[in-house]
Amino acid sequence: GAVVSQHPSWVICKSGTSVKIECRSLDFQATTMFWYRQFPKQSLMLMATSNEGSKATYEQGVEKDKFLINHASLTLSTLTVTSAHPEDSSFYICSATGQGVNSPLHFGNGTRLTVT
Amino acid sequence: SQQGEEDPQALSIQEGENATMNCSYKTSINNLQWYRQNSGRGLVHLILIRSNEREKHSGRLRVTLDTSKKSSSLLITASRAADTASYFCATPLYNQGGKLIFGQGTELSVKP
Numbered sequence: 864g865a866v867v868s869q870h871p872s873w874v875i876c877k878s879g880t881s882v883k884i885e886c887r888s889l890d891f892q893a894t895t896m897f898w899y900r901q902f903p904k905q906s907l908m909l910m911a912t913s914n915e916g917s918k919a920t921y922e923q924g925v926e927k928d929k930f931l932i933n934h935a936s937l938t939l940s941t942l943t944v945t946s947a948h949p950e951d952s953s954f955y956i957c958s959a960t961g962q963g964v965n966s967p968l969h970f971g972n973g974t975r976l977t978v979t
Numbered sequence: 025s026q027q028g029e030e031d032p033q034a035l036s037i038q039e040g041e042n043a044t045m046n047c048s049y050k051t052s053i054n055n056l057q058w059y060r061q062n063s064g065r066g067l068v069h070l071i072l073i074r075s076n077e078r079e080k081h082s083g084r085l086r087v088t089l090d091t092s093k094k095s096s097s098l099l100i101t102a103s104r105a106a107d108t109a110s111y112f113c114a115t116p117l118y119n120q121g122g123k124l125i126f127g128q129g130t131e132l133s134v135k136p
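Dropping the structure here:
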């Protein structure tokens with residue numbers, strides 16, 4: 864089945880630094896990838912839609928300058944948390960969709976970001 | 025805002041019992057999907073039911089869909105300790121390229 868690899872699985876960084884999270888579709892091409900954020904015991908909140916070769920589409924309330932998304936190829940999307948602060952600490956999950964309106968999403972295993 | 029609401033928020037049962045989780049949504053849908061999330065991990069797709077289907081089975085999973093009530097249920101039969109996880113329903117937004125909106129989730133705990 865379709866596999867999405869997300870890296871790193873966890874990262875600890877200091878306030879003010881930037882962190883890059885990678886999301887790769889290993890055995891299929893993903894023209895669209897989605898980035899979600901999840902707080903403990905809560906549901907997934909969609910942050911942005913990443914489109915290969917074009918600018919990402921951000922959900923309302925998500926700062927595009929804070930969360931930089933790049934989708935340079937059909938198999939790789941990256942999320943960079945810039946100038947991280949402790950409130951950015953969260954679980955970030957990427958996903959990619961298959962072809963067709965009735966295709967499920969394939970998720971990476973998530974990245975646990977802790978900003979100290 | 026989240027598309028779906030799920031109940032119960034948490035469910036604790038004994039191994040061998042059945043677990044039922046419910047999901048309600050607000051808008052018209054092409055399909056409804058159920059996902060499972062083990063603690064600290066990504067989500068795994070369980071089952072997709074299309075808007076013209078009323079019931080679907082996959083192993084010990086049974087999903088129903090009532091579009092008139094805008095609701096769905098997930099039944100796990102003969103539960104096992106390994107079924108302990110959070111379960112989410114999700115619906116795609118119309119004409120938005122696979123974008124999914126998730127319900128609040130049900131945290132299932134199956135005690136051995």
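Residue numbers (the working numbering), protein chains in the order written: chain A, 864 to 979; chain B, 25 to 136. Even for Gly, the Cβ is constructed at its ideal location relative to N, Cα and C.
Does A:Thr941 have its Cβ less than 8 Å from a Cβ in chain B? So, not an interface residue.
Kindly identify the DSSP beta-bridge partner or partners of B:Tyr49. Assignment of beta-bridge partners to B:Tyr49 by DSSP yields no partner.
Inter-residue Cα distance where the pair is A:Thr880 and A:Gln905: Whole-angstrom Cα-Cα distance: 26 Å.
Name the two residues that bound the continuous beta strand (DSSP E) containing B:Leu130. It should be noted that the sequence gives Thr, not Leu, for residue 130 of chain B. For B:Thr130, the enclosing beta strand (DSSP E) stretches over residues 130-135.
Give the DSSP-derived three-state secondary structure of A:Glu950 in the structure shown. In this structure, A:Glu950 counts as helix in the three-state DSSP scheme.
State yes or no: is the C-beta of B:Asp107 within less than 8 Å of the C-beta of B:Val134? Yes. Within cutoff.
Which of helix, strand or coil does DSSP assign to B:Asp107? Three-state result, B:Asp107: helix.
Taking the continuous beta strand (DSSP E) assigned at A:Tyr899, which residues delimit it? Residues 895-901.
Closest to B:Ala57 by C-alpha separation, out of B:Tyr118, B:Ala105, B:Leu98, would be which residue? A small correction: the amino acid at residue 57 of chain B is Gln; Ala does not occupy that position in the sequence shown. Of the candidates B:Tyr118, B:Ala105, B:Leu98, B:Leu98 places its Cα closest to the Cα of B:Gln57.
Helix, strand or coil for A:Thr977, going by three-state DSSP, please let me know. In the structure shown, the three-state DSSP call for A:Thr977 is strand.
Below 7 Å on C-beta distance, what does A:Phe902 contact in chain B? Correct list: empty, because the minimum Cβ distance to chain B is about 12 Å.
Got a sec: is the Cβ-Cβ distance from A:Phe970 to anything in chain B below 8 Å? For A:Phe970, a Cβ of chain B is located within less than 8 Å of the residue's own Cβ.
Spatial neighbours of B:Glu39 in its chain, beta-carbon cut-off 7 Å, leaving aside the 5 residues before and after: The answer, listed in chain order, is Ser103, Arg104, Ala105, Val134, Lys135, Pro136.
Less than 8 Å separating the beta-carbons of A:Phe902 and B:Lys123? The answer is no: Cβ separation not under 8 Å.
Using the beta-carbon of each residue, which ones in chain B are nearer than 7 Å to A:Pro967? Result: Gln57, His69, Leu72.
Note down, in chain order, each residue of its chain lying with its Cβ closer than 6 Å to the Cβ of B:Ile73, except the 5 sequence neighbours on either side. Cβ neighbours of B:Ile73 beyond the five flanking positions: Leu56, Lys80, Val87, Leu89.
Is it buried or exposed for A:Asp928, if we count other Cβ within 10 angstroms and need 16 for buried? Taking all protein chains shown into account, A:Asp928 has fewer than 16 neighbouring C-beta atoms within 10 Å of its C-beta and is therefore exposed.
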